[in-house]
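Chains as they are written, first to last, in full-length UniProt numbering: chain A, 1 to 199; chain B, 1 to 199.
For every residue, glycine included, the Cβ atom is placed at its ideal position computed from N, Cα and C.
A quick write-up on the structure given underneath.
There are 2 protein chains.
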Amino acid sequence: MSGSPLLAELIDALRCLPGVGGKSAQRMAFHLLERERERGLKLASVMEQAMQRIGHCSQCRNFSEDPLCSLCSSSSRERQVLCVVESPTDLAAIEQATGYRGQYFVLMGRLSPLDGLGPEELGLAQLSQRLGEGEIEELIIATNPTVEGEATAHYLAQLARAGGVRPTRLAHGVPLGGELEYVDRSTLAHAFGSRQLLD
Amino acid sequence: MSGSPLLAELIDALRCLPGVGGKSAQRMAFHLLERERERGLKLASVMEQAMQRIGHCSQCRNFSEDPLCSLCSSSSRERQVLCVVESPTDLAAIEQATGYRGQYFVLMGRLSPLDGLGPEELGLAQLSQRLGEGEIEELIIATNPTVEGEATAHYLAQLARAGGVRPTRLAHGVPLGGELEYVDRSTLAHAFGSRQLLD
């Protein structure tokens, strides 16, 4: 942006946000300067604090600014069920969509040897130890239904059985509201094979 | 976001950016925390400075952190031509697309009595005074080809004539690379009526 080096710097810095290119960054900068200076200042301050203070919960590995996140330290969550997810986004999706009241464990990735992600990087030793403590009865494995997610699920199920914990997996099948005609082949084949008896 | 109040605050604050809703804000926050903490900190600091320090150039009204913006204080820009635009975005578009080497005047809006935008809000007294100083020979009116933009252009042309300055307007017509079939009616009618003699 000719005219103001600082404005040019702001537009460039905004491009670190995912999905934001030159045009959007310019629009954002002008929008903030013209109409939302107060909220822009607030965003800058919250962002600085978040980048500096948010680490990982020592128990579930989710993002948290405290050593123990509010979900792990909450007394109203059940302690017999543990749900394993790949990322905080998946945790958020489950929290928003379901009535789940148990605890979580966030892998922050999936088993992917080619990317250098093995059991250590995903904190599986920590998970294994927790499963062995005897408090947890069910391990809900909610990794994504991708090749790597399934491999991770397989590994997690073994860990659970070794710790005497019952492993369960989210059901796969035809999405609600979908039309059979447009469901992909492998999902349809899976749903057909796993058909359930109506009572 | 369950787990971290500060993260929830960051996601909420990101929604002040135009075009960013809940899902995008969440994706941005996770992206910054997982992969771009350094650039996130940099963005926070630049944004804070920009919100606090960027004001308007006293001569052209464009955004500037100095009393006189770099375009107005540049010795390599012509002083006989002044281009009037509605917004800094329009200025940026002209700078990027054309080889224009003159000066600018940014209205920061358009004449729109219903929105309380009259000649005072657009700094037209200041513009009028500058036109009367005798240095400027041509006023290029680059307001948008909308109803309000055209009304503003009409007003600006009168100001220019009163100051003894030649007013010009960007050419309207069929866009380059467009197909006549898909050009809207009024543009086509205008282009047809304003046809030019080939030499």
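For residue i, which residues in the same chain have their Cβ closer than 8 angstroms to its Cβ, ignoring the five residues on either side in sequence?
i, result
"Leu117/B", "Gly109, Arg110 and Leu111"
"Glu77/B", "One detail in the question is off: residue 77/B reads as Arg in this sequence, not Glu. Same-chain partners within the cutoff: Leu71, Arg101, Gly102 and Gln103."
"Glu135/A", "Arg79 and Gln80"
"Gly22/B", "Ile11 and Arg15"
"Ala153/A", "Ile141, Thr143 and Arg169"
"Arg195/B", "none"
"Ala125/A", "Pro119"
"Pro183/A", "Here residue 183/A is Val; the residue named in the question, Pro, does not match the sequence. Contacts found: Val174, Pro175 and Ala191."
"Ser58/A", "Pro67 and Leu68"
Among the options, which residue has its Cα nearest to the Cα of residue i?
i, options, result
"Leu159/B", "Leu17/B, Arg53/B, Leu82/B and Leu68/B", "Leu82/B"
"Val174/A", "Arg166/A, Val165/A, Gly164/A and Ala189/A", "Ala189/A"
"Arg130/A", "Gly163/A, Lys23/A and Gly99/A", "Gly163/A"
"Leu33/B", "Glu36/A, Arg35/A, Pro18/A and Arg27/A", "Pro18/A"
"Arg79/B", "Leu41/B, Ala29/B, Cys60/B and Glu65/B", "Cys60/B"
"Ala157/B", "Glu181/B, Arg185/B, Ser128/B and Val20/B", "Ser128/B"
"Ser4/B", "Asp115/A, His56/A and Gly99/A", "His56/A"
"Val46/B", "Glu65/B, Met28/B and Ser73/B", "Glu65/B"
"Arg39/A", "Leu197/B, Glu181/B, Ala44/B and His31/B", "Ala44/B"
"Pro167/A", "Tyr155/A, Gly177/A and Ala8/A", "Tyr155/A"
"Gly149/B", "Thr98/B, Glu181/B, Pro113/B and Ala29/B", "Pro113/B"
So, for residue i: in the same chain, excluding its five sequence neighbours on each side, which residues have a beta-carbon less than 7 angstroms away from its beta-carbon?
i, result
"Pro88/B", "Asn62, Phe63 and Val106"
"Gly132/A", "Gly163"
"Ala25/B", "Ile11, Leu14 and Arg15"
Taking 7 angstroms as the threshold (beta carbon to beta carbon), is residue i in contact with chain B?
i, result
"Gly40/A", "yes"
"Gly21/A", "no"
"Pro88/A", "yes"
"Ala93/A", "no"
"Pro18/A", "yes"
"Cys69/A", "yes"
"Arg77/A", "no"
"Glu181/A", "no"
"Arg130/A", "no"
"Gly3/A", "yes"
Does DSSP put residue i in a helix, in a strand, or in coil?
i, result
"Arg35/B", "helix"
"Gln103/A", "strand"
"His190/B", "helix"
"His172/A", "coil"
"Pro145/A", "coil"
"Leu139/B", "strand"
"Leu43/B", "helix"
"Ser128/A", "helix"
"Arg166/A", "strand"
"Cys72/B", "helix"
"Ser24/B", "helix"
"Leu82/B", "strand"
"Leu111/B", "coil"
"Leu6/B", "helix"
"Ser180/A", "One detail in the question is off: residue 180/A reads as Leu in this sequence, not Ser. Leu180/A: helix per DSSP, three-state reduction."
"Leu117/A", "strand"
Any Cβ of chain A within less than 7 angstroms of the Cβ of residue i?
i, result
"Arg110/B", "no"
"Ile136/B", "no"
"residue 230/B", "Because residue 230/B is not part of the residues shown, which for chain B are 1 to 199, the question remains open."
"Asn62/B", "yes"
"Glu65/B", "yes"
"Val46/B", "yes"
"Ala50/B", "yes"
"His31/B", "yes"
"Ile140/B", "no"
"Arg27/B", "yes"
"Ile54/B", "yes"
"Gly149/B", "no"
"Glu120/B", "no"
"Leu107/B", "no"
By Cβ distance, which residues of its chain are closer than 6 angstroms to residue i, with the 5 residues on each side in sequence left out?
i, result
"Gly123/A", "Arg61"
"Val165/B", "Leu131, Ile136 and Leu139"
* To do: Pair every Cβ in the stretch 45-57 of chain A with every Cβ in the stretch 83-103 of chain A, then say whether three or more of these pairs are closer than 8 angstroms.
  => no
* Asked: Are the stretch 137-156 of chain A and the stretch 66-86 of chain A in contact at 8 angstroms, needing three or more beta carbon pairs?
  -> yes
* To do: Specify whether the stretch 141-151 of chain A and the stretch 166-173 of chain A touch according to this definition: at least 3 beta carbon pairs, one from each stretch, less than 8 angstroms apart.
  => yes
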